[in-house]
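Peer 1: Take a look at the following structure, please.
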Ligand code: SF4
Ligand code: SF4
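Written out as structure tokens, the structure is:
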């Protein structure tokens, strides 16, 4: 016990080594990979992002102009951001808000006469 006393005294009067979350939040650094955001107005539904995604998190239906993100599969690698020719996907530095259930994000582009699905 006596041999441990210096350590005990030191730990009693020193600052904790860990951050006191949630009172003290971690500062996000520039270029933090938080989550991706998609802009359907810029997308041409070329499907490149879904082909490049290593986690199979993006599904693109060119004919129906739908873009679907399963954010729970996304590993925030930014491959889709870097390869999108239309800059329709952005990396946002904030973490995604925690959720109670898993959902996918479905986006639809404007339909034209040629791409309207048959009734
Ligand atoms: S987000 Fe970019 S890469 Fe993906 S389908 Fe749209 S234009 Fe193509
Ligand atoms: S950031 Fe990476 S894992 Fe996430 S959707 Fe884009 S390519 Fe897929």
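Residue numbers (the numbering used here): 380 to 498.
Ideal Cβ placement from N, Cα and C applies to all residues, glycine included.
1) Going by the beta-carbon positions, is the gap between residue 455 and residue 412 smaller than 7 angstroms?
2) So which of 391, 422, 466 has the shortest CA-CA distance to residue 486?
3) Below 7 angstroms between beta carbons: does that hold for residue 414 and residue 475?
4) Considering only their Cβ atoms, is the gap separating residue 427 from residue 462 smaller than 7 angstroms?
5) Apart from the five residues just before and just after residue 438, which ones in its own chain have a Cβ nearer than 7 angstroms to its Cβ?
Peer 2: On the basis of the coordinates in this document:
1) Mapped onto the chain shown, residue 455 falls at position 76. Mapped onto the chain shown, residue 412 falls at position 33. It is a contact, given that the beta carbons lie within the stated cut-off.
2) Here the question's residue 486 lines up with position 107 in the chain shown. The residue with the shortest Cα to Cα distance from residue 486 is 422.
3) Numbered from its first residue, the chain shown carries residue 414 at position 35. Numbered from its first residue, the chain shown carries residue 475 at position 96. Against a cut-off of 7 angstroms, the Cβ pair of residue 475 and residue 414 comes out as a contact.
4) The residue you call residue 462 lines up with position 83 of the chain shown. The residue you call residue 427 lines up with position 48 of the chain shown. It is a contact, given that the beta carbons lie within the stated cut-off.
5) Here residue 438 corresponds to residue number 59 of the chain shown, with the count starting at 1. Same-chain partners within the cutoff: 429, 447.
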